[in-house]
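In this text, residue positions in the sequence shown follow my numbering: the first is 17, and each later residue adds one. Single-structure report; data block below.
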Amino acid sequence: MADLLLSPLNDRHEALGAKFAEFGGWSMPLEYPAGVVKEHTAVRESVGVFDVSHLGKAVVEGPGAAEFVNRTLTNDLGRIGPGRAQYTLCCDDATGGVVDDLIAYLYADDRVFLIPNAANTAEVVRRLAAEAPEGVTVTDRHRDFAVLAVQGTKSDEVLAAVGLPVGHDYMSFAEAPYEGETVVVCRTGYTGERGYELVAPNAVAGALWDAVMAAGEQYGVLACGLGARDTLRTEMGYPLHGQDISLHVTPNEARLGWAVGWQKDAFWGRDVLTAERAEGPKRVLRGLVATGRGIPRPHMTVSLTPDVLLGEVTSGTFSPTLRKGIGLALLPSFVNPDAEVGVDVRGRREIFQLTKPPFLDPSVRET
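The following block contains the structure:
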(Lines of atoms letter the chains of each structure in order from A and count residues from 1; the text may use other names and numbers.)
(Lines give C-alpha, C1' and ligand atoms only; values in the text may rest on other atoms or scores of the structure.)
Protein backbone atom coordinates (compact mmCIF):
# COMPACT_ATOMS: atom_id res chain seq x y z
CA MET A 1 0.00 0.00 0.00
CA ALA A 2 2.99 2.24 -0.63
CA ASP A 3 1.11 4.55 -3.02
CA LEU A 4 -1.86 5.14 -0.76
CA LEU A 5 -2.49 8.41 1.06
CA LEU A 6 -1.97 8.36 4.82
CA SER A 7 -4.12 10.02 7.46
CA PRO A 8 -2.37 12.66 9.59
CA LEU A 9 -3.24 10.30 12.47
CA ASN A 10 -1.58 7.26 10.92
CA ASP A 11 1.07 7.01 13.65
CA ARG A 12 -1.66 6.87 16.32
CA HIS A 13 -3.33 3.97 14.54
CA GLU A 14 -0.08 2.08 14.16
CA ALA A 15 0.64 2.52 17.87
CA LEU A 16 -2.81 1.09 18.68
CA GLY A 17 -2.15 -1.99 16.55
CA ALA A 18 -4.68 -1.18 13.84
CA LYS A 19 -5.26 -3.46 10.87
CA PHE A 20 -5.27 -1.31 7.73
CA ALA A 21 -7.13 -1.52 4.44
CA GLU A 22 -7.33 0.52 1.25
CA PHE A 23 -10.34 2.82 1.06
CA GLY A 24 -10.84 5.46 -1.60
CA GLY A 25 -7.12 5.69 -2.27
CA TRP A 26 -6.21 5.93 1.43
CA SER A 27 -4.71 3.48 3.90
CA MET A 28 -7.21 3.58 6.78
CA PRO A 29 -7.81 1.55 9.95
CA LEU A 30 -10.18 -1.35 9.31
CA GLU A 31 -10.24 -2.51 12.92
CA TYR A 32 -8.19 -2.48 16.11
CA PRO A 33 -7.29 -5.41 18.38
CA ALA A 34 -10.62 -5.15 20.26
CA GLY A 35 -12.39 -6.19 17.04
CA VAL A 36 -15.34 -4.91 15.05
CA VAL A 37 -18.08 -6.17 17.38
CA LYS A 38 -16.62 -4.50 20.48
CA GLU A 39 -15.99 -1.28 18.56
CA HIS A 40 -19.57 -1.35 17.26
CA THR A 41 -20.94 -1.96 20.75
CA ALA A 42 -18.86 0.87 22.24
CA VAL A 43 -20.61 3.31 19.91
CA ARG A 44 -24.09 1.92 20.60
CA GLU A 45 -23.60 1.87 24.39
CA SER A 46 -21.00 4.54 25.21
CA VAL A 47 -18.59 6.22 22.81
CA GLY A 48 -16.24 5.41 19.95
CA VAL A 49 -13.84 7.53 17.91
CA PHE A 50 -13.27 7.12 14.17
CA ASP A 51 -10.62 8.68 12.00
CA VAL A 52 -12.42 9.53 8.77
CA SER A 53 -9.80 11.90 7.41
CA HIS A 54 -10.03 10.14 4.06
CA LEU A 55 -13.31 11.97 3.46
CA GLY A 56 -13.03 14.77 0.91
CA LYS A 57 -13.03 18.45 1.72
CA ALA A 58 -13.77 21.22 -0.76
CA VAL A 59 -14.54 24.91 -0.47
CA VAL A 60 -16.90 26.81 -2.77
CA GLU A 61 -16.55 30.54 -2.21
CA GLY A 62 -17.15 33.87 -3.82
CA PRO A 63 -20.21 36.06 -4.47
CA GLY A 64 -23.24 33.81 -4.95
CA ALA A 65 -21.40 30.61 -3.92
CA ALA A 66 -24.37 29.24 -1.95
CA GLU A 67 -26.77 30.04 -4.78
CA PHE A 68 -24.48 28.24 -7.22
CA VAL A 69 -24.28 25.13 -5.02
CA ASN A 70 -28.05 25.21 -4.62
CA ARG A 71 -28.67 25.06 -8.36
CA THR A 72 -26.28 22.13 -8.85
CA LEU A 73 -26.68 19.79 -5.85
CA THR A 74 -30.06 18.21 -5.08
CA ASN A 75 -31.05 19.40 -1.63
CA ASP A 76 -32.34 22.90 -0.97
CA LEU A 77 -29.92 25.14 0.93
CA GLY A 78 -32.84 27.54 1.28
CA ARG A 79 -34.22 25.20 3.94
CA ILE A 80 -31.31 25.96 6.25
CA GLY A 81 -29.32 28.99 7.34
CA PRO A 82 -25.68 29.74 8.14
CA GLY A 83 -24.25 27.43 10.76
CA ARG A 84 -26.22 24.45 9.50
CA ALA A 85 -25.19 21.36 7.57
CA GLN A 86 -27.21 19.42 5.01
CA TYR A 87 -27.06 15.98 3.41
CA THR A 88 -27.23 16.37 -0.36
CA LEU A 89 -26.44 14.60 -3.62
CA CYS A 90 -24.41 15.41 -6.68
CA CYS A 91 -26.26 13.80 -9.59
CA ASP A 92 -25.44 13.42 -13.25
CA ASP A 93 -27.50 15.89 -15.23
CA ALA A 94 -28.19 13.48 -18.11
CA THR A 95 -29.03 10.28 -16.21
CA GLY A 96 -29.89 11.33 -12.67
CA GLY A 97 -27.39 8.79 -11.30
CA VAL A 98 -25.61 9.65 -8.06
CA VAL A 99 -22.08 10.94 -8.63
CA ASP A 100 -21.69 11.26 -4.86
CA ASP A 101 -23.54 11.91 -1.62
CA LEU A 102 -22.02 14.56 0.59
CA ILE A 103 -22.50 16.99 3.46
CA ALA A 104 -22.70 20.73 2.74
CA TYR A 105 -21.74 23.15 5.53
CA LEU A 106 -23.37 26.52 4.89
CA TYR A 107 -21.22 29.34 6.27
CA ALA A 108 -22.67 32.28 4.38
CA ASP A 109 -23.99 33.31 1.00
CA ASP A 110 -20.42 33.40 -0.25
CA ARG A 111 -18.98 30.26 1.37
CA VAL A 112 -19.97 26.58 1.42
CA PHE A 113 -17.74 23.79 2.75
CA LEU A 114 -18.35 20.35 1.23
CA ILE A 115 -17.42 16.90 2.52
CA PRO A 116 -17.71 14.35 -0.32
CA ASN A 117 -16.58 10.74 -0.26
CA ALA A 118 -12.86 10.11 -0.68
CA ALA A 119 -13.00 8.36 -4.05
CA ASN A 120 -15.35 10.95 -5.56
CA THR A 121 -13.85 14.22 -4.36
CA ALA A 122 -11.91 14.99 -7.53
CA GLU A 123 -14.96 14.32 -9.72
CA VAL A 124 -17.29 16.44 -7.59
CA VAL A 125 -14.75 19.29 -7.61
CA ARG A 126 -14.29 18.92 -11.38
CA ARG A 127 -18.01 19.11 -12.09
CA LEU A 128 -18.56 22.08 -9.82
CA ALA A 129 -15.51 23.96 -11.11
CA ALA A 130 -16.60 23.43 -14.72
CA GLU A 131 -19.96 25.09 -14.02
CA ALA A 132 -18.88 27.78 -11.53
CA PRO A 133 -19.79 31.33 -12.52
CA GLU A 134 -17.24 34.10 -12.68
CA GLY A 135 -16.01 35.02 -9.22
CA VAL A 136 -16.84 31.66 -7.63
CA THR A 137 -13.95 29.29 -6.95
CA VAL A 138 -14.03 25.58 -6.11
CA THR A 139 -10.96 24.39 -4.23
CA ASP A 140 -10.02 20.82 -3.32
CA ARG A 141 -8.79 20.84 0.32
CA HIS A 142 -8.91 17.10 0.93
CA ARG A 143 -5.37 16.85 2.34
CA ASP A 144 -5.49 19.91 4.60
CA PHE A 145 -7.80 18.65 7.34
CA ALA A 146 -8.35 15.64 9.54
CA VAL A 147 -11.86 14.50 10.41
CA LEU A 148 -12.67 12.72 13.68
CA ALA A 149 -16.10 11.21 14.28
CA VAL A 150 -16.90 11.03 18.00
CA GLN A 151 -20.05 8.92 18.16
CA GLY A 152 -22.17 7.50 20.96
CA THR A 153 -24.27 8.30 24.00
CA LYS A 154 -21.30 9.79 25.87
CA SER A 155 -19.99 11.91 23.01
CA ASP A 156 -21.18 15.16 24.62
CA GLU A 157 -19.36 14.41 27.88
CA VAL A 158 -16.15 13.54 26.07
CA LEU A 159 -16.05 16.65 23.90
CA ALA A 160 -17.06 18.93 26.77
CA ALA A 161 -14.08 17.61 28.72
CA VAL A 162 -11.85 18.53 25.78
CA GLY A 163 -13.27 22.05 25.83
CA LEU A 164 -15.27 21.86 22.59
CA PRO A 165 -18.85 23.13 22.20
CA VAL A 166 -21.59 20.50 22.47
CA GLY A 167 -25.38 20.34 22.70
CA HIS A 168 -26.16 22.22 19.50
CA ASP A 169 -28.92 21.02 17.21
CA TYR A 170 -28.65 18.05 14.88
CA MET A 171 -27.04 19.06 11.57
CA SER A 172 -25.66 22.29 12.97
CA PHE A 173 -22.03 23.23 13.50
CA ALA A 174 -19.92 25.53 15.64
CA GLU A 175 -16.32 26.70 15.42
CA ALA A 176 -13.98 26.59 18.38
CA PRO A 177 -10.34 27.53 19.01
CA TYR A 178 -8.01 24.64 19.70
CA GLU A 179 -4.27 25.09 20.24
CA GLY A 180 -4.13 28.12 18.00
CA GLU A 181 -6.25 26.64 15.22
CA THR A 182 -9.99 26.51 14.50
CA VAL A 183 -11.88 23.24 14.82
CA VAL A 184 -15.36 22.78 13.36
CA VAL A 185 -17.70 20.72 15.55
CA CYS A 186 -20.76 19.41 13.69
CA ARG A 187 -23.67 17.33 15.04
CA THR A 188 -23.41 14.79 12.26
CA GLY A 189 -22.34 11.18 11.87
CA TYR A 190 -22.82 7.90 10.04
CA THR A 191 -23.77 5.61 12.91
CA GLY A 192 -27.33 6.44 13.97
CA GLU A 193 -26.11 7.47 17.42
CA ARG A 194 -25.80 10.92 18.88
CA GLY A 195 -22.39 12.26 17.97
CA TYR A 196 -20.18 14.81 16.35
CA GLU A 197 -17.71 15.13 13.50
CA LEU A 198 -14.67 17.32 14.08
CA VAL A 199 -12.92 18.96 11.15
CA ALA A 200 -9.46 19.99 12.31
CA PRO A 201 -6.37 21.36 10.56
CA ASN A 202 -3.68 18.70 10.26
CA ALA A 203 -1.40 20.63 12.62
CA VAL A 204 -3.61 19.90 15.65
CA ALA A 205 -5.11 16.56 14.58
CA GLY A 206 -2.78 14.43 16.70
CA ALA A 207 -3.25 16.50 19.85
CA LEU A 208 -7.02 16.49 19.36
CA TRP A 209 -7.12 12.71 18.91
CA ASP A 210 -5.04 12.24 22.07
CA ALA A 211 -7.26 14.58 24.08
CA VAL A 212 -10.48 12.90 22.93
CA MET A 213 -9.16 9.44 23.70
CA ALA A 214 -7.95 10.53 27.13
CA ALA A 215 -11.26 12.22 27.97
CA GLY A 216 -13.13 9.10 26.91
CA GLU A 217 -11.19 6.65 29.08
CA GLN A 218 -13.69 6.83 31.95
CA TYR A 219 -16.47 5.88 29.51
CA GLY A 220 -14.66 2.94 27.97
CA VAL A 221 -13.91 4.75 24.70
CA LEU A 222 -12.60 2.66 21.84
CA ALA A 223 -10.85 3.67 18.65
CA CYS A 224 -13.08 2.36 15.86
CA GLY A 225 -12.21 1.38 12.31
CA LEU A 226 -14.05 1.30 9.03
CA GLY A 227 -15.32 -2.22 9.75
CA ALA A 228 -17.46 -0.98 12.65
CA ARG A 229 -18.41 2.10 10.68
CA ASP A 230 -19.86 -0.23 8.04
CA THR A 231 -21.87 -2.39 10.46
CA LEU A 232 -23.22 0.70 12.23
CA ARG A 233 -24.30 2.45 9.05
CA THR A 234 -25.85 -0.74 7.65
CA GLU A 235 -28.01 -1.11 10.78
CA MET A 236 -29.34 2.38 9.98
CA GLY A 237 -29.83 1.64 6.29
CA TYR A 238 -27.48 4.48 5.35
CA PRO A 239 -26.31 4.00 1.74
CA LEU A 240 -22.68 3.61 0.80
CA HIS A 241 -21.58 5.12 -2.48
CA GLY A 242 -20.15 2.50 -4.80
CA GLN A 243 -22.44 -0.17 -3.37
CA ASP A 244 -25.98 1.07 -2.66
CA ILE A 245 -25.78 4.24 -4.73
CA SER A 246 -23.72 5.04 -7.81
CA LEU A 247 -23.88 6.63 -11.23
CA HIS A 248 -26.20 3.73 -12.11
CA VAL A 249 -28.60 4.31 -9.20
CA THR A 250 -30.87 7.35 -8.83
CA PRO A 251 -32.07 9.02 -5.62
CA ASN A 252 -35.58 7.74 -6.35
CA GLU A 253 -34.35 4.16 -6.52
CA ALA A 254 -32.28 4.58 -3.37
CA ARG A 255 -35.22 6.07 -1.40
CA LEU A 256 -33.31 9.35 -1.05
CA GLY A 257 -36.03 11.61 -2.41
CA TRP A 258 -36.09 13.39 0.95
CA ALA A 259 -32.65 14.81 0.06
CA VAL A 260 -33.97 16.41 -3.15
CA GLY A 261 -35.42 19.90 -3.30
CA TRP A 262 -38.18 19.01 -5.73
CA GLN A 263 -39.57 22.55 -5.73
CA LYS A 264 -36.28 24.11 -6.82
CA ASP A 265 -36.05 25.49 -10.33
CA ALA A 266 -32.72 23.81 -11.01
CA PHE A 267 -30.34 21.10 -9.87
CA TRP A 268 -28.31 18.56 -11.81
CA GLY A 269 -30.58 15.75 -13.00
CA ARG A 270 -33.80 17.60 -12.22
CA ASP A 271 -35.65 16.80 -15.46
CA VAL A 272 -34.91 13.08 -15.55
CA LEU A 273 -35.45 12.61 -11.80
CA THR A 274 -38.75 14.50 -11.80
CA ALA A 275 -39.99 12.33 -14.68
CA GLU A 276 -38.86 9.14 -12.94
CA ARG A 277 -40.53 10.22 -9.71
CA ALA A 278 -43.83 10.86 -11.50
CA GLU A 279 -43.74 7.48 -13.22
CA GLY A 280 -42.29 5.62 -10.25
CA PRO A 281 -38.83 3.99 -10.23
CA LYS A 282 -38.63 0.50 -11.68
CA ARG A 283 -36.51 -0.71 -8.76
CA VAL A 284 -36.17 0.30 -5.11
CA LEU A 285 -33.59 -0.21 -2.37
CA ARG A 286 -35.08 -2.58 0.22
CA GLY A 287 -33.94 -3.87 3.59
CA LEU A 288 -33.28 -7.56 4.25
CA VAL A 289 -33.47 -9.28 7.65
CA ALA A 290 -32.48 -12.92 8.06
CA THR A 291 -35.11 -15.32 9.38
CA GLY A 292 -32.37 -17.87 9.99
CA ARG A 293 -28.61 -17.78 10.31
CA GLY A 294 -27.72 -16.49 6.85
CA ILE A 295 -25.47 -13.45 6.53
CA PRO A 296 -25.83 -11.54 3.25
CA ARG A 297 -22.86 -10.07 1.43
CA PRO A 298 -22.65 -7.72 -1.57
CA HIS A 299 -23.40 -9.31 -4.96
CA MET A 300 -25.23 -12.32 -3.54
CA THR A 301 -28.31 -12.97 -5.70
CA VAL A 302 -31.83 -12.35 -4.39
CA SER A 303 -34.76 -14.42 -5.67
CA LEU A 304 -38.51 -14.47 -5.15
CA THR A 305 -38.58 -18.22 -5.80
CA PRO A 306 -35.64 -20.45 -6.70
CA ASP A 307 -36.39 -19.80 -10.38
CA VAL A 308 -37.32 -16.08 -10.24
CA LEU A 309 -34.28 -13.86 -9.76
CA LEU A 310 -34.89 -10.30 -8.57
CA GLY A 311 -31.50 -8.68 -8.14
CA GLU A 312 -28.55 -8.77 -5.79
CA VAL A 313 -27.46 -7.62 -2.35
CA THR A 314 -25.74 -4.23 -2.39
CA SER A 315 -24.70 -4.16 1.29
CA GLY A 316 -24.83 -6.97 3.80
CA THR A 317 -23.40 -7.84 7.18
CA PHE A 318 -23.96 -9.46 10.55
CA SER A 319 -25.71 -7.00 12.85
CA PRO A 320 -23.98 -7.01 16.26
CA THR A 321 -27.02 -5.28 17.78
CA LEU A 322 -29.72 -7.55 16.35
CA ARG A 323 -27.50 -10.65 16.29
CA LYS A 324 -28.65 -11.60 12.81
CA GLY A 325 -27.86 -10.99 9.16
CA ILE A 326 -29.11 -7.76 7.57
CA GLY A 327 -28.61 -6.11 4.22
CA LEU A 328 -29.80 -3.85 1.43
CA ALA A 329 -30.78 -4.88 -2.08
CA LEU A 330 -32.02 -3.12 -5.21
CA LEU A 331 -35.18 -5.00 -6.17
CA PRO A 332 -37.97 -4.47 -8.71
CA SER A 333 -40.60 -2.10 -7.38
CA PHE A 334 -43.38 -4.62 -8.07
CA VAL A 335 -42.11 -6.89 -5.28
CA ASN A 336 -44.32 -6.79 -2.18
CA PRO A 337 -42.40 -4.72 0.42
CA ASP A 338 -43.32 -7.31 3.08
CA ALA A 339 -42.37 -10.38 1.02
CA GLU A 340 -39.96 -13.10 2.00
CA VAL A 341 -37.12 -13.62 -0.47
CA GLY A 342 -34.20 -15.97 -0.85
CA VAL A 343 -30.54 -14.98 -0.82
CA ASP A 344 -27.92 -17.31 -2.24
CA VAL A 345 -25.48 -17.58 0.66
CA ARG A 346 -22.59 -19.74 -0.55
CA GLY A 347 -24.87 -21.97 -2.57
CA ARG A 348 -27.60 -22.25 0.04
CA ARG A 349 -30.89 -20.36 -0.36
CA GLU A 350 -31.45 -18.53 2.92
CA ILE A 351 -34.77 -16.83 3.64
CA PHE A 352 -34.90 -13.10 4.42
CA GLN A 353 -37.78 -10.80 5.30
CA LEU A 354 -38.03 -7.57 3.34
CA THR A 355 -38.37 -4.47 5.48
CA LYS A 356 -37.98 -0.70 5.35
CA PRO A 357 -34.75 0.49 6.99
CA PRO A 358 -33.57 1.53 9.50
CA PHE A 359 -33.23 -1.82 11.19
CA LEU A 360 -33.30 -0.21 14.65
CA ASP A 361 -34.49 3.12 16.01
CA PRO A 362 -31.93 5.92 15.64
CA SER A 363 -30.95 8.16 18.55
CA VAL A 364 -29.01 10.56 16.36
CA ARG A 365 -31.65 13.31 16.54
CA GLU A 366 -32.26 13.14 20.28
CA THR A 367 -31.71 16.43 22.07
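Glycine included, C-beta positions come from ideal geometry on N, C-alpha and C.
If I'm right that residue i touches residue j with Cβ under 8 Å, what's the distance once you round it to whole angstroms?
i	j	result
Val329	Gly310	Going by Cβ atoms, the distance from Val329 to Gly310 rounds to 11 Å, so no, they are not a contact pair.
Leu66	Ala165	The sequence shown places Phe at residue 66, not Leu. Correct: roughly 4 Å between the Cβ atoms.
Thr169	Glu61	7 Å
Ile96	Leu118	At roughly 15 Å, the Cβ-Cβ gap does not stay under 8 Å, so Ile96 and Leu118 are not in contact.
Ser335	Phe375	7 Å
Gly222	Pro373	36 Å between Cβ atoms; not a contact.
Leu370	Val359	About 11 Å separates the two Cβ atoms, so there is no contact after all.
Val115	Val140	6 Å
Pro98	Ala124	5 Å
With DSSP as the reference, label residue i as helix, strand or coil.
i	result
Tyr235	helix
Ala282	coil
Glu150	coil
Met187	coil
Glu55	helix
Val324	strand
Ser335	strand
Gly208	coil
Phe39	strand
Gly94	helix
Arg60	helix
Gly303	strand
Leu67	It is Asp, not Leu, that sits at residue 67 in the sequence shown. Asp67 falls in the strand class under three-state DSSP.
Arg362	coil
Glu30	helix
Glu195	coil
Phe161	strand
Ala275	helix
Leu242	helix
Arg127	strand
Val200	strand
Glu269	coil
Ser319	strand
Phe368	strand
Leu122	strand
Arg87	coil
If you compare alpha carbons, which of the options is closest to residue i?
i	options	result
Val174	Ser188, Arg210 and Arg159	Arg210
Val63	Asp260, Trp284 and Met229	Met229
Gly51	Glu191, Arg245, Thr371 and Gly341	Arg245
Leu272	Asp281, Ala282, Arg302 and Asp287	Arg302
Gln279	Glu47, Asn86, Arg28 and Ser23	Asn86
Val59	Ala192, Gly296 and Tyr235	Tyr235
Leu73	Leu214, Glu195 and Gly196	A small fix is needed here, since residue 73 is Lys in this sequence, not Leu. It is Leu214.
Leu347	Gly308, Phe84 and Ala270	Ala270
Phe350	Lys298, Leu338 and Pro378	Lys298
Gly363	Val128, Pro312 and Phe36	Pro312
Ala176	Leu304, Thr321 and Ala192	Ala192
Thr307	Pro322, Glu366, Val178 and Gly327	Glu366
Val178	Gly232, Asp354 and Glu292	Gly232
Tyr212	Val288, Arg143, Ser379 and Asp109	Ser379
Ala129	Asp109, Gln167, Phe84 and Trp284	Looking at the sequence itself, residue 129 is Phe, so the reference to Ala does not match. Among Asp109, Gln167, Phe84 and Trp284, the Cα nearest to that of Phe129 is on Phe84.
Between which residues of its own chain and residue i is the CB-CB distance below 7 Å, once the five residues before and five after are set aside?
i	result
Leu20	Glu38, Gly41, Trp42 and Ser43
Thr104	Leu89, Thr90, Asn91, Leu118, Ala120 and Ala275
Gly113	Cys107, Ser262, Leu263, His264, Val265 and Thr266
Asp260	Ala270, Leu301, Thr330, Ser331 and Leu344
Thr57	Pro336
Kindly list the residues whose CB is nearer than 8 Å to the CB of residue i, restricted to its own chain and excluding five residues on each side of it in sequence; keep chain order.
i	result
Val220	Tyr194, Glu195, Gly196, Glu197 and Val199
Leu338	Glu251, Val305, Phe375 and Leu376
Does the stretch 198-205 touch the stretch 265-280, meaning 3 or more C-beta pairs lie closer than 8 Å?
-> no
Would you call the stretch 310-328 and the stretch 229-244 touching, i.e. three or more CB-CB distances under 8 Å?
-> Contact fails: fewer than three Cβ-Cβ distances are below 8 Å.
contact_flag[the stretch 171-187, the stretch 246-256] where n(CB pairs < 8 Å) is 3 or more | At 8 Å Cβ cutoff, the stretches do not touch.
Below 8 Å, can you find three or more Cβ-Cβ pairs linking the stretch 68-86 to the stretch 150-158?
-> yes
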